[in-house]
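Peer 1:
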Amino acid sequence: MKNSAKRVSEPRGVRNRRRASKYQPIRKKPTGIAGFDEITEGGLPAGRLTALIGGPGMGKSLFALQILLNRLRTAGEPGLFVTFEEPVDRVRSNVAGLDWAFDSVSENQLAIVDARLPADTVQAGAFDLTGLLAGLTARKAAMGACNIVFDGIDLLISSLNDEHLERRELARIDDWIRVEGLSAILTVKSYSTSEREQKRADLIQYLTDCVILLEGKLFNSNFSRTLRVVKYRGSNFAPDAVPMAIGRPGIEVVPNQVSRDNYPVFSERVSSGVPRLDAILDGGFIRGSSILLSGAPGTAKTSLAASLVAAGCARGRKAVFVSFDESDVQIVANMKSIGIDLERHVASGRLAMMSLRSNGHSPEECFLKICDLNRRHKPDILVVDPMSAFAETAYPFAAVISESLIDLAKSKGVTFLGTSLLGQADGEIEASAIHVSTIADTWIHVSYVVQNGERNRALTIVKSRGTGHSNQVRELALTCKGIDLVDVYVGDGKVLLGSARLEKQQLETRDERLEEVQLARRKFEVGRNIAELQARARAIVQELASKRREAELEESAEKVRGVARRRAITQRGLIRRLADDTRVLPKRKRQRSGQ
Amino acid sequence: MSAKASRRERVTALTAKSGTKGQEVCLRLYIASTTPNSERAKANLERALQDFAAQPGYHVEIIDVLADARRAVTDNVIVTPTLVVLGPKRRLVMIGDLSDSGKLQGLLNSAANLS
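Residue numbers (our numbering), protein chains in the order written: chain A, 13 to 607; chain B, 58 to 172.
Spelled out as structure tokens, the structure:
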């Protein structure tokens, strides 16, 4: 080895890794079946053998043919479909009813090879598939085919009736496709009864690189298909069974991986069509959010949904209304009675309505139809009424389907409204049957309040992410002019609706007026009293004044009398020479009298 | 030794004497020259035909699909070895290495009835 002196200094791990790098990780070819490519993280293995196992009518041949066609149309890869059981024209007519335009595919792009043995063929001893492969080699070289399907080869191989020989033939096919560089699919029938056949199916599973199982089950008389990747050598895959449906576009798979990242986020608001409801929600629903509308039957859920749609269409947006209970004609007629005109929106092409009876289709078929309508119409608002139609069947994928639906809507920035049937509106039972309440952004509950012999509808906003909202229960009224929210009377803390509300309203008005009157009366009385007292006060003051004057007068009169009395006394004295005995005589010479 | 040369040899070697009854029945054996199944089929067919030497003429052809792949496509050969008996109206097919001599005899008998 050259440069061995240099290499010795490298650590062993690095050296080993370098040597190992000539083995490439497995290359995958996307099948074009959307959900399937997600579960297998890229599609089927390129240049390897895949087994499609399933019972009768599970869609194995269809699946394989769809993959061939998709590879041709998306990657320009010609393919060979080798049929061992069905005649070529029947293969074509089986897919004529789908939207594939299969007849437009030319023979040198996708050739259907008839590899059927005549019915009266006698088998005398062991055989091998060398002849077939020789012929296929020639065809492949002529077409430049990259993909090949062996449809129904298991029956042929099984007629060898010898496990070693069967294993050998499978190995032969495997070697052949590796040499030719083809990616191959084998369709294999699965049997539930025969042990021998089951063993053979197991054998095929062991010898192939990727095994996909197509199954179908009855749930309450609804038939439901599932797909499961059982084995995928050299790759990671989602091992759970996922729902699958066969419709006009062919096979569609509903992956159960829901990506919650990368949703577009909006801040603008979508009107619900009920101004007061918009006001409670700070302007309306956030665009692109998901809304759950729950309530007992007859609580106007469809009407509210229609109101949202009508409001959206009136502003030029597009909407899709999917109904499981009523036909679209019925809904339009019903909505007319409350003043919501859906007809003109349908006529203008902004509103697309679809009516699915859930008994006729399995939930995943319904889901795929809704997806398809969404893809074609590209709405801004999507309504599914009721969404609990998915949950009504005893269907294990109901939660997945609902989540996938909401995920689909959110990822496209579509405002989604789903209605759900609930029996009662008590605490615990308010949890939605399909647990959508946890992923819905807004949850509005409409219930019946039975009081005083009448039922009224009450609307509550249970939760609303990203918006403040009132927690007050309001009365929902359906009038011929539309839906309206009415103030409830919160009398003594209790809520009153309907006629009780009106009565109470009137009562309160009357009471108020009564109080007013009484107040007025009392005021008047008091006023009068005051006036009275004031008058009295004035009178007393006057009396006081007059008394004072009297007193003054008395005083002055007293004074005058006093003076007069004294004068009179003095006068009297004078007159009576009262003071003579006290007067002092003037000094005279005293004559001796008397001599 | 080319495939074509060896084939011609075998054809001449196996052509039985033509009888007077009706048309010839064409027996075609499609083989894949390399596989042991095909070797066995050839051997078994040769042996069976020798036993039938007294029967009216069979026209036997041996076709190697590995050499002549387009023949495999046009004649719609699926497994090898395949023995096809072409009568004027009908076509009988037998697959396998012809080791089941009873069945092979049965086929050759029906082939006799075709002509």
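Every residue, glycine too, gets a C-beta built ideally from N, C-alpha and C. Because the structure is a prediction, the values reported are computed rather than measured.
1) Any chance the stretch 471-479 of chain A sits against the stretch 450-460 of chain A, with 3 or more Cβ pairs inside 8 Å?
2) What's the call for B/K146, buried or exposed, on a 16-neighbour Cβ count within 10 Å?
3) Considering just the uninterrupted stretch of the beta strand (DSSP E) at A/K201, what are its terminal residues?
4) Where do the N-terminal and C-terminal ends of the alpha helix (DSSP H) with A/M155 fall, by residue?
5) Please report whether the beta-carbon of A/T199 lies at a distance below 8 Å from any beta-carbon of chain B.
6) Please list the partners that A/P130 has in chain B, where partner means a Cβ-to-Cβ separation under 9 Å.
7) For A/S163 and A/T220, which I take to be in contact (beta-carbon distance under 8 Å), what is that distance rounded to the nearest angstrom?
8) With which residues is A/A359 paired in a DSSP beta bridge?
9) For a contact meaning CB atoms closer than 9 Å, what does B/K160 contact in chain A?
10) Contact between the stretch 79-87 of chain A and the stretch 36-44 of chain A is defined here as three or more beta-carbon pairs at a separation below 8 Å; is this criterion met?
11) Taking only three categories from DSSP, how would you classify A/Y275?
12) For A/L360, I'd like the list of residues in its chain whose CB is within less than 8 Å of its CB, leaving aside the five on either flank, ordered along the chain.
13) On the DSSP bridge assignment, give the partners of A/I451 in chain order.
14) What would DSSP say about A/L354, mapped onto helix, strand or coil?
15) What residues of chain A sit near B/N133, judged by a beta carbon separation below 7 Å?
16) Closer than 8 Å by beta-carbon distance: list the chain B residues that pair up with A/T149, in chain order.
17) May I have a chain-ordered list of the alpha helix (DSSP H) segments no shorter than 4 residues that lie completely inside the stretch 499-584 of chain A?
18) To the nearest angstrom, how far is the alpha carbon of A/G228 from that of B/H116?
19) Would you mind giving the Cβ-Cβ distance between A/S7 and A/S367, rounded to the nearest angstrom? I have them listed as a contact below 8 Å.
20) Could you compute how far the alpha carbon of A/I473 sits from the alpha carbon of A/E487?
21) So, for A/R299: in the same chain, excluding its five sequence neighbours on each side, which residues have a beta-carbon less than 6 Å away from its beta-carbon?
22) Please give the ranges of any beta strand (DSSP E) in the stretch 247-306 of chain A, keeping only runs that are unbroken, at least 3 residues long and fully inside the region.
23) Using the three-state DSSP reduction, which class does A/V344 fall into: helix, strand or coil?
24) Between which residues of its own chain and A/A364 is the CB-CB distance below 6 Å, once the five residues before and five after are set aside?
25) How about B/A100: is its C-beta nearer than 8 Å to some C-beta of chain A?
26) Would A/T95 count as contacting chain B if we go by Cβ distances under 8 Å?
27) Using beta carbons (cut-off 8 Å, strictly below), is A/D140 in contact with chain B?
28) Exposed or buried, A/I352, counting other C-beta atoms within 10 Å across all chains shown (16 or more means buried)?
29) For the stretch 96-114 of chain A against the stretch 245-252 of chain A, do three or more pairs of beta-carbon atoms, one drawn from each stretch, fall closer than 8 Å, so that the two count as touching?
30) Sort out for me which residues DSSP pairs B/H116 with in a bridge.
31) Applying a beta-carbon distance threshold of less than 7 Å, which residues of chain A neighbour B/P138?
32) Under 8 Å Cβ to Cβ from A/G59, same chain only, skipping five residues before and after it: list those, please.
33) Helix, strand or coil: how does DSSP classify A/D174 here?
34) Leaving aside the five residues before and after A/I258 along the sequence, list all residues of the same chain whose C-beta is less than 6 Å from its C-beta, in chain order.
35) Under 6 Å Cβ to Cβ from A/I160, same chain only, skipping five residues before and after it: list those, please.
36) Would B/G144 count as contacting chain A if we go by Cβ distances under 8 Å?
Peer 2: This is what the structure holds:
1) At 8 Å Cβ cutoff, the stretches touch.
2) exposed
3) S195 to K201
4) T142 to M155
5) no
6) R148, L149 and V150
7) The question names Ser, yet the displayed sequence has Asp at residue 163 of chain A. With a Cβ gap of about 15 Å, A/D163 and A/T220 do not count as contacting.
8) Answer is none; A/A359 lacks a bridge partner.
9) V134, Q135, A136 and G137
10) In short, these stretches touch, since the Cβ pair count reaches three.
11) Three-state DSSP puts A/Y275 in coil, outside helix and strand.
12) It should be pointed out that residue 360 of chain A corresponds to Ser in this sequence rather than to Leu. So the qualifying residues of the chain are C325.
13) Looking at the DSSP assignment, A/I451 forms no beta bridge with any residue, so it has no partner.
14) A/L354 falls in the coil class under three-state DSSP.
15) D126
16) By Cβ distance, chain B contributes A126.
17) none
18) 53 Å
19) Nothing about residue 7 of chain A can be read from this structure; chain A reaches only from 13 to 607.
20) 12 Å
21) F278, E280, V282 and T427
22) 254-259 and 262-265
23) helix
24) Taken in chain order, the residues that qualify are V332 and H389.
25) Not a single CB atom of chain A sits nearer than 8 Å to the CB of B/A100.
26) So, not an interface residue.
27) yes
28) That one is buried.
29) no
30) B/C83
31) F139
32) These residues qualify, in order along the chain: R39, I189, R190, G193, L194 and S195.
33) coil
34) Apart from the 5 residues on each side of it in sequence, A/I258 sits with its Cβ closer than 6 Å to the Cβ of G71 in its chain, given in chain order.
35) L92, L194 and A196
36) no
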